[in-house]
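End of the sequence shown sits at 528 in our numbering; the numbers just go up one at a time, nothing left out. Cβ coordinates follow ideal geometry from the N, Cα and C atoms, glycine included. First up is the structure itself, then whatever we jot down about it.
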Amino acid sequence: RGHFRQNIEETLFFLRYIDQSLNTRLKEQENHRLSGNFRYPVRIHEIMARYLGTSLISSLVLLLIALTISPSHGFLGTEKNIKSAVFLSPKLVMNPGSVANPFLFDIDFPKGHIGIKSFDAEVVDESGNPVPLHETYLHHWVVEPYYVRKGFKLSQPDMPKNHGFSKQDPETNLASSRSDNYVLAKNAGLCKNTLRHFFGLGSETRKTSTYVPDPYAIEFDNPDERPDGYEFKWLLNIHAIDTRGAVDKSGCTECRCDLYNVTIDEYGRTIKPDYKGGLYCCYDKSQCLVRNGFDNGEKTRTLYLKYTVRWVDWDSSVVPAKAYILDVTDSWERKEGSTGDSQEHYCHVEYEVKPCKTNGDGCVDVKKKSLMMPFSGYIVYGVAHQHAGGLGASLSREGGEGICTSMPKYGNGVEPGNEAGYIVGMSTCYPQEPVEVSYGETLTLEFNYSSAIGHTGVMGLFYILVAQQLPEPKISLPALFQAQTKSLSFLAFLAVVVVVVPIAAVVYRTQNREDCYQSLST
Numbered sequence: 007r008g009h010f011r012q013n014i015e016e017t018l019f020f021l022r023y024i025d026q027s028l029n030t031r032l033k034e035q036e037n038h039r040l041s042g043n044f045r046y047p048v049r050i051h052e053i054m055a056r057y058l059g060t061s062l063i064s065s066l067v068l069l070l071i072a073l074t075i076s077p078s079h080g081f082l083g084t085e086k087n088i089k090s091a092v093f094l095s096p097k098l099v100m101n102p103g104s105v106a107n108p109f110l111f112d113i114d115f116p117k118g119h120i121g122i123k124s125f126d127a128e129v130v131d132e133s134g135n136p137v138p139l140h141e142t143y144l145h146h147w148v149v150e151p152y153y154v155r156k157g158f159k160l161s162q163p164d165m166p167k168n169h170g171f172s173k174q175d176p177e178t179n180l181a182s183s184r185s186d187n188y189v190l191a192k193n194a195g196l197c198k199n200t201l202r203h204f205f206g207l208g209s210e211t212r213k214t215s216t217y218v219p220d221p222y223a224i225e226f227d228n229p230d231e232r233p234d235g236y237e238f239k240w241l242l243n244i245h246a247i248d249t250r251g252a253v254d255k256s257g258c259t260e261c262r263c264d265l266y267n268v269t270i271d272e273y274g275r276t277i278k279p280d281y282k283g284g285l286y287c288c289y290d291k292s293q294c295l296v297r298n299g300f301d302n303g304e305k306t307r308t309l310y311l312k313y314t315v316r317w318v319d320w321d322s323s324v325v326p327a328k329a330y331i332l333d334v335t336d337s338w339e340r341k342e343g344s345t346g347d348s349q350e351h352y353c354h355v356e357y358e359v360k361p362c363k364t365n366g367d368g369c370v371d372v373k374k375k376s377l378m379m380p381f382s383g384y385i386v387y388g389v390a391h392q393h394a395g396g397l398g399a400s401l402s403r404e405g406g407e408g409i410c411t412s413m414p415k416y417g418n419g420v421e422p423g424n425e426a427g428y429i430v431g432m433s434t435c436y437p438q439e440p441v442e443v444s445y446g447e448t449l450t451l452e453f454n455y456s457s458a459i460g461h462t463g464v465m466g467l468f469y470i471l472v473a474q475q476l477p478e479p480k481i482s483l484p485a486l487f488q489a490q491t492k493s494l495s496f497l498a499f500l501a502v503v504v505v506v507v508p509i510a511a512v513v514y515r516t517q518n519r520e521d522c523y524q525s526l527s528t
């Protein structure tokens with residue numbers, strides 16, 4: 007963008023130079039004519055027309071470029087005010103086969119009434135070096151805001167089972183604990199009881215864009231919404247699995263219960279026999295099977311989640327966007343009187359992909375879900391979350407019109423960000439024009455997984471950002487010129503061509519006319 011600004015400044019300077027040169031030339035000619043050297047009759051309105059025409063052309067070109075650089079394209083939007091900070095989570099002590107799945111409270115985070123523009127993360131060691139997925143698999147990380155009563159210190163035991171939240175306020179997206187010492191601020195839906203987070207990814211985190219497009223941002227800690235007597239805080243949940251020396255790395259990352267040797271979950275509940283694997287079997291401090299002799303204490307190491315937050319201070323120029331998470335395992339069904347509200351939804355979060363009965367690459371498990379949207383707004387961003395074996399996901403209207411397709415990117419090496427066999431990124435959707443969704447409209451999720459082999463604990467989540475309103479209308483050019491920033495340099499060049507050619511023609515004709523006048527005067 008720095009080069010783009012420089013190009014625009016150079017273009018404006020060039021146009022001003024042309025404008026001044028042409029006006030000077032015309033003035034010289036008119037003065038020469040008025041001095042009596044020309045026999046051609048002088049008409050005042052012709053002189054004025056020349057001056058006005060020249061100024062008008064230059065003014066129109068300058069206006070063209072000024073309008074082309076629109077705040078909606080980010081050049082004069084929130085981007086120039088974006089702040090950035092890098093933080094480290096509390097440490098995770100890992101051993102071969104070990105699992106860490108803690109909830110970490112009051113993490114370091116930007117303060118104040120802000121709008122988040124992006125949240126990026128990765129696992130690093132004590133030296134700050136990125137850790138590859140084939141050593142420590144990042145199943146997921148999620149970040150959630152909450153309010154805590156001043157003077158109360160929240161700890162892991164305070165978050166049992168469903169995290170202790172029982173009372174839900176649908177108007178504010180706040181859920182109170184049984185003791186009212188803390189209040190969780192949830193996203194806008196639809197699965198508020200299980201998928202409450204605003205930011206969260208898994209193995210794909212290094213190569214998935216989380217940037218919220220200008221002029222939008224996700225609003226946090228609005229003082230008008232903060233409960234009296236409470237402070238605004240953030241919690242982080244990291245689910246990491248150390249697969250060094252694992253007997254079956256993919257089995258450990260898919261949380262297969264037999265590899266963890268568990269029959270009860272972390273809350274003491276018996277796991278059903280037909281549950282082959284998933285979150286119930288790879289909870290905090292559980293252990294996946296490793297090769298004999300590989301789990302000695304010499305391989306203990308300390309890891310961190312390094313996260314980078316970009317934000318802007320909130321003001322009237324920022325347009326709020328709300329986060330929604332759609333789950334293909336949602337049990338919601340349309341019934342008479344259904345509103346689509348979060349209270350009607352039960353999201354299982356994970357599911358099993360059974361192996362197909364025939365061999366070959368044509369084995370694909372397709373899972374679909376249609377959900378009624380309990381909101382009106384405009385989708386400005388979208389991305390899916392899948393596990394290994396994922397082949398892509400889509401969000402579409404009921405009639406089949408596509409809204410967003412998100413495809414996985416698999417690694418083909420060993421270095422962090424390119425680990426073979428792992429999803430290292432998901433493609434994102436940034437609609438050129440926000441996609442309008444109406445209240446009560448049905449949208450359909452579709453998730454595809456390879457079923458050449460079976461998979462346990464896979465997910466099918468679609469994360470969208472929805473603006474309730476669009477930016478205030480501004481003076482704009484016809485659709486031809488409403489391109490993205492990357493095309494603005496071309497438009498500036500085109501503007502120069504459009505004005506320079508006519509000006510050159512005028513100068514040429516004027517020069518010829520002057521030559522003719524001079525020949526008549528001799």
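- Asn193 is a Cβ neighbour of Tyr330, given a cutoff of 8 Å.
- Here Leu471 is not near Leu332, since their CB atoms are 8 Å or more apart.
- Distance check between Gly284 and each of Ile409, Cys263, Val386 and Thr306 places Cys263 closest, using alpha-carbon atoms only.
- One alpha carbon belongs to Lys239, the other to Pro151, and they sit about 6 Å apart.
- Here the region 246-259 lies against the region 94-113, with 3 or more beta-carbon pairs under 8 Å apart.
- If you ignore the 5 residues before and after Pro96, its C-beta comes within less than 6 Å of the C-beta of Leu110, all in its own chain and listed in chain order.
- Burial of Pro219 is indicated by the presence of at least 16 other C-beta atoms within 10 angstroms of its C-beta.
- Under DSSP, the beta-bridge partners assigned to Leu98 are Leu309.
- Nearest Cα to Lys373 within the set Ser457, Asp126 and Leu201: Ser457.
- If you look at Tyr153, you'll find it in the beta strand (DSSP E) that goes Thr142 to Arg155.
- In this structure the region 423-443 does not lie against the region 453-467, because fewer than three pairs of beta carbons, one per stretch, are closer than 8 Å.
- The way I'd put it, the region 383-395 does touch the region 410-418; three or more beta-carbon pairs between them come closer than 8 Å.
- For Gly396, the enclosing beta strand (DSSP E) covers residues Gly396 to Arg403.
- Per DSSP, Tyr266 is one residue of the alpha helix (DSSP H) stretching across Cys263 to Tyr266.
- Secondary-structure assignment with DSSP links Leu377 through a beta bridge to Leu449.
- Around the beta carbon of Ile270, fewer than 16 other beta carbons sit within 10 angstroms, so the residue counts as exposed.
- With a contact defined as Cβ atoms closer than 8 Å, Gly395 and Ser402 miss out at about 22 Å.
- Glu452 and Ser400 do touch by the CB rule: their CB atoms are close to 5 Å apart, below 8 Å.
- Taking a C-beta distance under 8 Å as the contact criterion, Cys353 and Thr364 do not qualify as a contact pair.
- According to the DSSP assignment, Gly388 belongs to the beta strand (DSSP E) that extends over Gly383 to His391.
- The region 194-213 and the region 138-146 touch, with three or more beta-carbon pairs separated by less than 8 Å.
- Non-local C-beta neighbours of Val268 in its own chain, meaning closer than 6 Å and more than five positions away in sequence, comprise Cys287, ordered along the chain.
- At a Cβ-Cβ threshold of 8 Å, Lys123 and Ala223 count as neighbours.
- For Thr214, the CB contacts under 7 Å within the same chain, skipping 5 residues up- and downstream, are Leu207, Val389, Gly431, Met432 and Thr434 in chain order.
- Beyond the five residues adjoining it in sequence on each side, Lys360 comes within less than 6 Å, by CB distance, of Gly460 in the same chain, given in chain order.
- Nearest to His203 by alpha-carbon distance, out of Gly235, Ala473, Leu467 and Asp230, is Leu467.
- Inclusion of Lys305 and Asn87 in the CB contact set at 8 Å is not warranted, their separation being larger than that value.
- Just so you know, the alpha carbons of Arg232 and Glu225 end up roughly 13 Å apart.
- Assignment of Thr259 by DSSP, reduced to helix, strand and coil, places it in the helix class.
- According to DSSP, residue pairing for Asp371 in a beta bridge involves Tyr455.
- Ranked by how close their Cα comes to the Cα of Tyr153, the residues Lys282, Asp290 and Tyr236 have Tyr236 in first place.
- In the three-state DSSP reduction, Arg340 falls in the coil class, being neither helix nor strand.
- Counting of Cβ neighbours within 10 angstroms places Leu201 among the buried residues, the total reaching 16 or more.
- In the three-state reduction of the DSSP assignment, Asn243 falls in the strand class, which pools E and B.
- Here Glu128 really is in contact with Lys312; their C-beta atoms are around 6 Å apart, less than 8 Å.
- Between Thr450 and Val441, the alpha-carbon positions lie close to 15 Å from each other.
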